[in-house]
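Asker:
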Amino acid sequence: MSEPLIEIKDLAFSYSARPILKSVNMTMSRGKVIAIMGGSGSGKTTLLRLIGGEVKPTAGCVKVAGQVVHKLGRNDLFRLRRKMGMLFQFGALFTDLSVFDNVAFQMREHTNLPESMIRDLVLMKLHAVGLRGAYHLMPAELSGGMARRVALARSIALDPMLIMYDEPFTGLDPISLSVIGSLIRRLTDALGMTSIVVTHDVQESLKIVDYVYFLADGVITAHGTPAEVKESVTPFVHQFVHGEEDGPVPFHYPAEMYQEDLRLETHFA
Amino acid sequence: MPKRIITSIQAIGHRVIDGIWRLGCAARFFVLVLLKSMTSFLRFTLVIREIYFVGVLSLIIILVSGLFVGMVLGLQGYETLQKYGSESAVGTLVALSLVRELGPVMSALLFASRAGSAITAEIGLMKATEQLSAMGMMAVDPIARIVAPRFWAGVISMPLLAAMFSVMGVFGGYLVAVVFIGVDEGSFWSSMQNAVDFRYDIVNGVIKSCFFGVAVTAIAVFEGFDAPPTAEGVSGATTRTVVTSALAILGLDFVLTSFMFRGVD
Amino acid sequence: MQRTIMDFWVGLFVMTGMGALLILGLKVGNLTTYNTGESYTLIGNFENIGGLKIRAPVKSAGVVVGRVTDIQFSLETYDAVVTVGINAYYRFPKDTFASILTSGLLGEQYIGLSPGGDEEMLAEGDKIMKTNSAMVLEEMVGRFLFDKAAED
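Chains as they are written, first to last, in our numbering: chain X, 1 to 269; chain L, 1001 to 1265; chain A, 2001 to 2152.
So, in structure tokens, the structure goes:
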């Protein structure tokens, strides 16, 4: 395998004194679908923002294709971002543009392609996600699953080397869910991209990914291939994969003693 | 007791510091918008699109309000002036009050509540639905692509709307004074033309509305861009746009007036 | 919304706005009788200008021929130096008489020019030699009482 596309070293990030990521180390090689799993609020989305250069790390660094992201100037960062795609949680389609214009957006902003060629390219991208017939619709007329497919078409508009998916499976019915899942796999293979999927949908993602990282308490607690993960006996991974209510991730948010909180007299004790 | 006093002093201090902090953010954002305005002028279609939304769609409310304000001015002016036997001065009264004050100020207030709030809500919603982040990730600067065209559309539309407001107002005053009440048409127009100076009154009025346009749209885009990305955040920002704009318009109006019409007449 | 429709409306909007400005200038304002730059300035010293203001009209035979552009107090002569801009179309003889008058009993004050008979005309920057101060009501009343007292 050639050099890895993304290298993350000792990455730490905190929001005004509240640490989100403490020390994250990862390497992701080209052409793979990689899942980052973790409970809600474990800093998965922040990790994506760090890779995309939207926020700067407090310590450590993210290297994409050999470049340290947070040290890039504005222009270099924008040049790098043209090679990245990002699929937001609910698609984040531009509501004032039609499906066609949404997909064409980046081509019109970044290239001088003639309109006829843009038309062909857009229809090809839409065909890849099965929505060529919906090019004239407005985002408000789309269902959640369709909107996410359009967003997927938009993010592959300039044939990026990397696509990041922020919770692509949230709020979808089982059919749309497996459609999106298989699209991620197929597009990654067909276009030779690398995909990073941030999700907490275990069953769907284990079907399509090559490698899984588990993120908890700001560090990578476990990683492995889907087969390894399913067999894992690590308590956290076991709890997460099987969706158990209590375990290393407690049901209760840390709190004072229940009795004290309720101001109960302790003379029974 | 002293502890309570200290906390209330702290609360005041906190508010003041917060306010100044926000003012600084707004100023920096404003400069950023100006610096990133090149795109708006190179791709003027973006601005034209926004002029449609902030200018053309504000037309009805501006024209109708202008007409009514002018009619009321004509009626009230006539009531008072006829006591002194100078009904013909009603033209002067209507035109001067509209061109100097009511035209720019009223249309800016209406513009803030019609177009300013819409700009804030739109940008705020785009932020809440991650459209701005998505645009940034596509290597397109949202300030250059989304904010600057809206800003310039507002700045261009405002003086035009104010001029239309004034013209409708004068027409309304004419309707009431000349057509309904029967003030002499010739003296209505000639007293108006004698009193209203092109450079002194009309140009100053246009300059005022340019300032208001900058103030209102700058506030609107800043509030939208700064809004917390939630439903309450956006609705709060929309309200703040209207309130802050109204205060800014009236305050700015006083400052501009004292510079423009100082010590004369 | 189709681009062309939007363009049409915006074009109409801008044209209407420009038209409104034009109407304001021509119909409401005095742009028709406005000629910038085509004027020459004259200076006159007045002992007392009363309530004369900048931009007050300068009239001759009741016709507005110019406007007061500046009023200063002179430290050399201890009187008021009034600068007026006269429409370049109107020429006045050297011995023109300038007096500060009041329109009506309590109306605004203006400068009245009464042309003399000199062959030479006033030009840019010239000084009007013959001036007549404003009537100040208090002075008039005072003089009247003084005269009455002298009669008795």
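Ideal Cβ positions, reconstructed from N, Cα and C, are used throughout, including at glycine.
Quantities reported herein were computed from a predicted structural model and do not represent experimental measurements.
Using a Cβ-Cβ cut-off of less than 7 Å, give me the residues of the stretch 1140-1156 of chain L that come near chain X, in sequence order.
Answerer: Hits within the stretch, in order: VAL1140.
Asker: Measuring alpha carbon to alpha carbon, tell me which of ARG132(X), LEU72(X), LYS9(X) ends up nearest THR62(X).
Answerer: Within the first sequence, numbered from 1, the residue matching residue 62(X) stands at position 62. According to the sequence shown, residue 62(X) is Val rather than Thr. Selected option, being the one with the closest Cα: LYS9(X).
Asker: Measure the alpha-carbon distance for MET1135(L) versus VAL55(X) and round it to whole angstroms.
Answerer: Position 135 of the second sequence holds residue 1135(L). Position 55 of the first sequence holds residue 55(X). The alpha-carbon atoms of MET1135(L) and VAL55(X) are separated by roughly 15 Å.
Asker: Strictly below 8 Å CB to CB, what residues from chain A border MET1164(L)?
Answerer: In the second sequence, residue 1164(L) corresponds to position 164, counting from 1. What MET1164(L) touches in chain A: THR2016, GLY2017, ALA2020.
Asker: What span of residues does the beta strand (DSSP E) with GLN2072(A) cover, start to end?
Answerer: To locate residue 2072(A), count along the third sequence from 1; it is residue 72. First-last of the beta strand (DSSP E) with GLN2072(A): 2063-2073.
Asker: Report the option in LEU1032(L), TRP1152(L), PHE1053(L) whose CA atom is closest to the CA atom of ARG2003(A).
Answerer: To locate residue 2003(A), count along the third sequence from 1; it is residue 3. Per the Cα distances, PHE1053(L).
Asker: Hey, would you say THR188(X) sits closer than 8 Å to VAL33(X), going by beta carbons?
Answerer: As a working mapping, residue 188(X) is identified with position 188 in the first sequence. As a working mapping, residue 33(X) is identified with position 33 in the first sequence. It is a contact, given that the beta carbons lie within the stated cut-off.
Asker: Please classify LYS32(X): does DSSP put it in a helix, a strand, or coil?
Answerer: By 1-based counting over the first sequence, the position of residue 32(X) is 32. Coil.
Asker: Round the Cβ separation of MET1137(L) and ARG81(X) to the nearest angstrom and send it over; I've been treating them as touching at under 8 Å.
Answerer: Stepping through the second sequence from its first residue, residue 1137(L) is reached at position 137. Stepping through the first sequence from its first residue, residue 81(X) is reached at position 81. Confirmed, Cβ separation roughly 6 Å.
Asker: Pick helix, strand or coil for TYR2040(A), following the three-state DSSP scheme.
Answerer: Looking up residue 2040(A) in the third sequence gives position 40. Three-state result, TYR2040(A): strand.
Asker: Among GLY1169(L), PRO1228(L), SER1245(L), which one has its Cα closest to the Cα of ALA1095(L)?
Answerer: Within the second sequence, residue 1095(L) is the residue found at index 95, counting from 1. Comparing Cα positions, the closest option is GLY1169(L).
Asker: Report buried or exposed for GLU2047(A), applying the criterion of at least 16 other Cβ atoms within 10 angstroms of its Cβ.
Answerer: Here residue 2047(A) corresponds to residue number 47 of the third sequence, with the count starting at 1. Exposed, since its Cβ has fewer than 16 Cβ neighbours within 10 Å.
Asker: Can you give the beta carbon distance from LEU1109(L) to ILE1219(L), rounded, assuming they're within the 8 Å contact cut?
Answerer: As a first step, residue 1109(L) is located in the second sequence; it is residue number 109 there, counting from the start. As a first step, residue 1219(L) is located in the second sequence; it is residue number 219 there, counting from the start. 13 Å between Cβ atoms; not a contact.
Asker: Does the distance from the CB of LYS83(X) to the CB of LEU162(X) come in under 8 Å?
Answerer: Sequence index remark: in the first sequence, residue 83(X) carries index 83 (1-based). Sequence index remark: in the first sequence, residue 162(X) carries index 162 (1-based). Cβ distance < 8 Å, so LYS83(X) and LEU162(X) count as in contact.
Asker: Inspect the beta-carbon positions of ARG2055(A) and VAL2068(A) and report whether they are closer than 8 Å.
Answerer: Taking the third sequence and counting its residues from 1, one reaches residue 2055(A) at position 55. Taking the third sequence and counting its residues from 1, one reaches residue 2068(A) at position 68. Yes, these two residues count as a Cβ contact at 8 Å.
Asker: First and last residue of the alpha helix (DSSP H) that includes ASP96(X)?
Answerer: In the first sequence, the residue the question calls residue 96(X) occupies position 96. Per DSSP, ASP96(X) belongs to no alpha helix (DSSP H) and is neither H nor E.
Asker: Report yes or no: do the stretch 172-182 of chain X and the stretch 144-162 of chain X share at least 3 C-beta pairs separated by less than 8 Å?
Answerer: Contact holds: three or more Cβ-Cβ distances are below 8 Å.
Asker: Identify the continuous alpha helix (DSSP H) that holds ALA227(X) and give its terminal residues.
Answerer: As a working mapping, residue 227(X) is identified with position 227 in the first sequence. Residues 226-231.
Asker: Interface residues of chain L around GLY2062(A) at Cβ under 8 Å?
Answerer: Position 62 of the third sequence, counting from 1, holds the residue named residue 2062(A). The contacting residues do not exist; GLY2062(A) stays about 13 Å from chain L at best.
Asker: Count the other C-beta atoms from every protein chain shown that fall within 10 angstroms of the C-beta of GLU2076(A), then say buried if there are 16 or more, exposed otherwise.
Answerer: As a first step, residue 2076(A) must be located in the third sequence, where it is residue number 76. Counting Cβ neighbours within 10 Å, GLU2076(A) comes out exposed, since fewer than 16 surround it.
Asker: Output yes if chain L places a C-beta closer than 8 Å to the C-beta of LEU2024(A); else output no.
Answerer: If you number the third sequence from 1, residue 2024(A) lands on position 24. So, interface residue.
Asker: In chain X, which residues lie less than 8 Å from GLN1131(L) when you measure between Cβ atoms?
Answerer: To locate residue 1131(L), count along the second sequence from 1; it is residue 131. Going along chain X in sequence order, the residues near GLN1131(L) (Cβ under 8 Å) are ALA92, LEU93, PHE94, THR95.
Asker: Along chain L, in chain order, which residues have C-beta atoms closer than 8 Å to that of HIS223(X)?
Answerer: Here the question's residue 223(X) lines up with position 223 in the first sequence. Residues of chain L passing the Cβ test: none, with the nearest at roughly 25 Å.
Asker: Taking Cβ positions only, does MET979(L) come closer than 8 Å to chain X?
Answerer: Because chain L spans 1001 through 1265 in this model, residue 979(L) falls outside it and cannot be assessed.
Asker: Hey, how far is the Cα of GLN259(X) from the Cα of PHE251(X)?
Answerer: The residue given as residue 259(X) occupies position 259 in the first sequence. The residue given as residue 251(X) occupies position 251 in the first sequence. Rounded to the nearest angstrom, the two C-alpha atoms are 18 Å apart.
Asker: Taking LYS22(X) as the reference, which of SER29(X), SER16(X), ALA12(X), GLY31(X) has the closest Cα?
Answerer: The residue given as residue 22(X) occupies position 22 in the first sequence. Considering only alpha carbons, the answer is ALA12(X).
Asker: In the DSSP assignment, what residue or residues form a beta bridge with PHE957(L)?
Answerer: Any answer about residue 957(L) is impossible in this case: the structure gives chain L only from 1001 up to 1265.
Asker: Should MET1038(L) be flagged as near chain X, meaning a C-beta pair shorter than 8 Å?
Answerer: In the second sequence, counting from the first residue as 1, residue 1038(L) sits at position 38. Judged by the 8 Å Cβ criterion, MET1038(L) is not in contact with chain X.
Asker: Assuming PHE1198(L) and GLY1091(L) make a contact with CB atoms under 8 Å, what is their CB distance in whole Å?
Answerer: For the purposes of this step, residue 1198(L) is taken as the residue at position 198 of the second sequence. For the purposes of this step, residue 1091(L) is taken as the residue at position 91 of the second sequence. Contact doesn't hold; Cβ gap of about 16 Å is too wide.
Asker: Could you confirm whether any beta carbon from chain X is found closer than 8 Å to the beta carbon of SER1235(L)?
Answerer: Counting from one through the second sequence, the residue named residue 1235(L) turns up at place 235. False, the Cβ-Cβ gap to chain X never drops below 8 Å.
Asker: Does any residue of chain X have a CB that is nearer than 8 Å to the CB of GLY1019(L)?
Answerer: Your numbering for residue 1019(L) matches position 19 in the second sequence. So no, GLY1019(L) is outside the interface.
Asker: Can you find the residues in the same chain that come closer than 6 Å, C-beta to C-beta, to VAL1214(L), ignoring five residues on each side of it along the sequence?
Answerer: Position 214 of the second sequence, counted from the first residue, corresponds to residue 1214(L). Contacts found: VAL1155.
Asker: Could you round the C-beta distance between GLY52(X) and MET86(X) to whole angstroms and report it? I think they count as a contact, below 8 Å.
Answerer: Taking the first residue of the first sequence as 1, we reach residue 52(X) at position 52. Taking the first residue of the first sequence as 1, we reach residue 86(X) at position 86. Their Cβ separation, rounded to whole angstroms, is 6 Å, which keeps GLY52(X) and MET86(X) in contact under 8 Å.
Asker: Which class does LYS1003(L) belong to by DSSP, given the choice of helix, strand or coil?
Answerer: The residue you call residue 1003(L) lines up with position 3 of the second sequence. Reduced to three states, the DSSP call for LYS1003(L) is helix.
Asker: Any chance the stretch 202-212 of chain X sits against the stretch 222-234 of chain X, with 3 or more Cβ pairs inside 8 Å?
Answerer: The stretch 202-212 of chain X is in contact with the stretch 222-234 of chain X.
Asker: Counting Cβ pairs closer than 8 Å, one from the stretch 192-200 of chain X and one from the stretch 38-47 of chain X, do we hit at least three?
Answerer: Contact between the stretch 192-200 of chain X and the stretch 38-47 of chain X is present, because at least three Cβ pairs lie under 8 Å.
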